[in-house]
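Student: The structure is given below, and queries will be raised subsequently.
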Amino acid sequence: MDLTLGLHGLMLKITADEIAGTLGGPRLKGKRVSINLPLRPVRYFRHGWQSWSLAAWTDTLALPALQPAILRPMQTDPEYGLESRPHGSWFGAVGLNGGKVLLLGALGLETHVRLDGERLEGWSESGAVEWALLYGDERSIFAKYAEQLGGVLGRVGQKPAPRIWCSWYSLYTAIDEPLLKKTFMDLRDFPFDVLQVDDGWEIGIGDWEPNAKFPSGMTALADTIKSQGKTAGLWLAPLIAAENSQLFRQHPGWFLKETNGRFASAGFNWGQQLYSLDTTHPEVLEWLRALMKKARDWGFDYLKLDFLYGGGLPGKRYREMPRETALRQGLQALREGMGQDAYFLACGSPIFPSLGICDALRMGPDVAGEWENHRDAVLLANPTTPGTRNAIRTTLHRLWLSPLVKVDPDVAYFSSRGNNLSPEQKRFLQDLALICEFKATSDLPQKLDSEEREELRRFLENEPKAIQTGRYSFELAERKVDFSDLLSLPSPARGLDRLQSSVMSWLASQPWALRLFDRMNRQGLEKMRRELDTSGMEKQQAQ
Ligand code: 9PG
23 MDLTLGLHGL MLKITADEIA GTLGGPRLKG KRVSINLPLR PVRYFRHGWQ
73 SWSLAAWTDT LALPALQPAI LRPMQTDPEY GLESRPHGSW FGAVGLNGGK
123 VLLLGALGLE THVRLDGERL EGWSESGAVE WALLYGDERS IFAKYAEQLG
173 GVLGRVGQKP APRIWCSWYS LYTAIDEPLL KKTFMDLRDF PFDVLQVDDG
223 WEIGIGDWEP NAKFPSGMTA LADTIKSQGK TAGLWLAPLI AAENSQLFRQ
273 HPGWFLKETN GRFASAGFNW GQQLYSLDTT HPEVLEWLRA LMKKARDWGF
323 DYLKLDFLYG GGLPGKRYRE MPRETALRQG LQALREGMGQ DAYFLACGSP
373 IFPSLGICDA LRMGPDVAGE WENHRDAVLL ANPTTPGTRN AIRTTLHRLW
423 LSPLVKVDPD VAYFSSRGNN LSPEQKRFLQ DLALICEFKA TSDLPQKLDS
473 EEREELRRFL ENEPKAIQTG RYSFELAERK VDFSDLLSLP SPARGLDRLQ
523 SSVMSWLASQ PWALRLFDRM NRQGLEKMRR ELDTSGMEKQ QAQ
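Heads up: the sequence shown begins at 23 in my numbering, then just goes up one per residue.
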C-alpha cells in the first residue's frame, strides 16, 4: 500500500505491505519498504555489518569499494561490498536540513537500508519484517530505536564490565608460557579483574588445543591467573577455520559453500585462506558447545570469541536458513556451551545478531599504536583496519546501543614506549573507555614509567560519571571531552597516490603477498619476543 504521512511536519510518501500507527511511531511491515523524502538529504548514517565495519555519518556520495577485495568477507558484508549507494545493515538514517534525523530501521535480521536519490529503501533477504520509522532529534530517535530492538532481540549487558588486561596489543602472537607467567606476576598489583590470553596459544585456527609454547597446558595457565584471585580469559575464533587446520581437513562437510560448490571464503589472515563453519549443521552445533565447555573446564570464565562473522556469511548451508538466523543459532550454541555465568565478549561479530546473547560486543576496528595508516586509510580507502582513529570513529557511532549490550571500544594505551600516539590521542582512547564503562589495556607493566603506572591505576580505579552533551561531546566528571574534530573520513587518493592505490589494491589481494607479509610480521614478533626475554633476564641478573 501507499500512504502519504505527515511525521512531525515532514511529509513522507511510504510504500509497504502494512502501515500502522503505534505509540512508538509508525510501524511498517514488508519485505520491501520505501520512503520518498520531500527533499534531498545532506548526510547519511552508514551502519556496517560487523564489529570492524564502518559506522559513521558521511555525505550522501558513493564511497570507494573497500580494498583489498580478498579481505571483504572479513571486514564488511561481502554481499554488499560493491554497493555504491549509501547503504547499511539493518537500518539507515538521513540528516535533513535543520539538523533533524529520519531513521528507517528493521526490527529483524537479514535486513538492509539504502538511499537512492531521495528515496530511502529497506529490504529483507528473507521474509517480511517490521520496520520502525522515526523522525526527530538524533539522540532521542536512536534511543527509541534501541528500545524497540531490545524488545525483539533482548538485552544482556547489564552487569558491570570487568577490568581486563589482554595480551594482544603488546605481545600479539608472540605469547608463550614463561612470558605470560612473568607478565601476570608483573600485573599482580594492578586492579584488573580479568587477565585474558589472546591469539597465539592455539595449535591453529580451528584446532583449539595449546601449541608447543604452552607445554604445561591450558588448565595450568588458567590456574596461574586464578591463583592471583583473577578471572582467566581466553580468545578463540570458533566459527572459522584455516585451510591447513585439522578441523577443515577432517570435516569438509561442516563448512559453508558457495552455490557453485566451492568453499565460501571467510577472508585471509595468519597467511592463510579462512573458511566458515556451517552453524545449521547439528554436528557443528554440538562441536561448538563442546568447545566452549572445554574452555570452561580448563578454567577460563571470560571468553573473547572472535571472527564470528564467519557464521553469517552468504552461502549454501546444510539446512536452508537465512544467514543471520543461522549465525544467531551458532552464537546461542556457544552461549549454551559456556553457560550463562561466563562473560562472553563477541568480536568481529555482526552487530544485531549478537544482541541478547553476548555480554559485551566490540563495536569498532582494532586500535593500534598509530593514529591512522596512510596505506590503509588513503591508498586502500579502508576504514576497518587497525588504527586508533578508525576505532574511535566507529565505536562512537554505536554508543547508542549501550542499553542493550556493553560497548567494547577495544583497549586503551598508557605506555609511550613503542607507541606513536600523542598524549592527546591516548587520552581520547582512555576517555572513550570511561564513557563506555569498559576498561581494558594490553600495556606491559615493565614498559610503563612511574607516571604511566599511576595513570593506569587511576584509570582502573576511577568511575567518573559520563554525560553526553552533544553528538560527539561528553562531560566526564565535569571535564569536557569532544571527539568532533577527529572523525571525518580521509579524502580519497589523488594524483600519484591513485596509481599507488591501484598497485596496492592488487598486491594486497594476492595470497602470496599476504603470506609474505605474514612471514615478515612473524619474524618481527619473534625478534620482539627475544628482546623481551633478554631484558627480563638482565633484570633478574641485576637483582
Ligand atoms: C587476534 C586479533 C585480536 C583483535 C581482534 C582481531 O584484517 N582484519 O580486518 C582484522 C581485523 C581485526 C583483527 C584481525 C584482522 O583482530 O579484533 O583484538 O584478538 O583478532 O588475531
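Beta carbons: idealized from backbone N, C-alpha and C, even for Gly.
Quick caveat: nothing in here was measured; it's all calculated off a predicted structure.
Just checking residue 407 against the ligand 9PG - is the residue's beta carbon closer than 7 Å to any of the ligand's heavy atoms?
Tutor: Indeed, a heavy atom of the ligand 9PG lies less than 7 Å from the Cβ.
Student: Could you pull out every residue in the same chain whose Cβ sits closer than 8 Å to the Cβ of residue 238, ignoring the five residues on either side in sequence?
Tutor: Cβ neighbours of residue 238 beyond the five flanking positions: 199.
Student: Specify the secondary structure class of residue 213 as computed by DSSP and reduced to three states.
Tutor: If DSSP states are grouped into helix, strand and coil, residue 213 belongs with coil.
Student: Restricting to Cα atoms, I'd like to know which of 274, 24 and 316 is closest to residue 358.
Tutor: With distances taken between Cα atoms, residue 358 lies closest to 316.
Student: Tell me which residues share the same chain as residue 217 and place their Cβ nearer than 6 Å to its Cβ, disregarding the 5 neighbours each side in the sequence.
Tutor: Closer than 6 Å at Cβ, skipping near neighbours: 187, 206, 247 and 252.
Student: Kindly indicate the opening and closing residues of the beta strand (DSSP E) around residue 373.
Tutor: Element bounds for residue 373: not the beta strand (DSSP E) but the alpha helix (DSSP H), 373–376.
Student: CB-CB under 8 Å to residue 119, same chain, minus the five flanking residues each way: which ones, in chain order?
Tutor: Correct list, in chain order: 61 and 64.
Student: Hey, how far is the Cα of residue 210 from the Cα of residue 203?
Tutor: If you take the alpha carbons of residue 210 and residue 203, they lie about 11 Å apart.
Student: Apply the 10 Å Cβ neighbour rule to residue 504 and answer buried if 16 or more other Cβ atoms are within range, or exposed otherwise.
Tutor: Counting Cβ neighbours within 10 Å, residue 504 comes out exposed, since fewer than 16 surround it.
Student: With a 10 Å radius around its C-beta and 16 neighbouring C-beta atoms as the bar for buried, classify residue 90 as buried or exposed.
Tutor: So residue 90 ends up on the buried side.
Student: Does the beta-carbon of residue 380, which I'm using as the reference point, lie nearer than 7 Å to any heavy atom of the ligand 9PG?
Tutor: Checking the Cβ of residue 380 against the ligand 9PG gives no.
Student: Going by other Cβ atoms of all chains shown within 10 Å of its Cβ, with 16 needed for buried, is residue 223 buried or exposed?
Tutor: Flag for residue 223 reads buried.
Student: Does the beta-carbon of residue 312 have 16 or more other beta-carbons within 10 angstroms, so that it is buried, or is it exposed?
Tutor: That one is exposed.
Student: Once you ignore the five residues that flank residue 365 on each side, which residues in its own chain have a CB closer than 6 Å to its CB?
Tutor: Within the same chain, residue 365 has close Cβ partners 324 and 381.
Student: Name the DSSP bridge partner or partners of residue 145?
Tutor: Partner(s): 54 and 134.
Student: By DSSP, does residue 323 sit in helix, in strand, or in coil?
Tutor: Three-state result, residue 323: coil.
Student: Under three-state DSSP, which class holds residue 123?
Tutor: If DSSP states are grouped into helix, strand and coil, residue 123 belongs with the strands.
Student: I'd like to check one pair, residue 92 with residue 290: are the Cβ atoms closer than 8 Å?
Tutor: Result yes, Cβ atoms of residue 290 and residue 92 sit closer than 8 Å.
Student: Residue 427 lies in the alpha helix (DSSP H); which residues open and close that run?
Tutor: Run containing residue 427: none; DSSP gives neither H nor E here.
Student: Report yes if the C-beta of residue 79 is less than 7 Å from at least one heavy atom of the ligand 9PG; otherwise report no.
Tutor: Outside the cutoff, so no.
Student: Mind checking residue 234: buried by the 16 CB within 10 Å criterion, or exposed?
Tutor: Exposed is the call here.
Student: Does the ligand 9PG have even one heavy atom less than 7 Å from the beta-carbon of residue 385?
Tutor: Flag unset: Cβ of residue 385 not near the ligand 9PG.
Student: Relative to the C-alpha of residue 468, which candidate in 193, 293, 501 and 47 has its C-alpha closest?
Tutor: Residue 468 has its Cα closest to that of 193, out of 193, 293, 501 and 47.
Student: How about residue 498 and residue 453: are their beta carbons less than 8 Å apart?
Tutor: Yes, the pair counts as a contact, with Cβ atoms nearer than the cut-off.
Student: One question on the structure: do residue 331 and residue 371 come within less than 8 Å of each other, judged by their Cβ atoms?
Tutor: Cβ distance < 8 Å, so residue 331 and residue 371 count as in contact.
Student: Between residue 424 and residue 336, what straight-line distance do the alpha-carbon atoms span, to the nearest angstrom?
Tutor: Those two C-alpha atoms are separated by around 28 Å.
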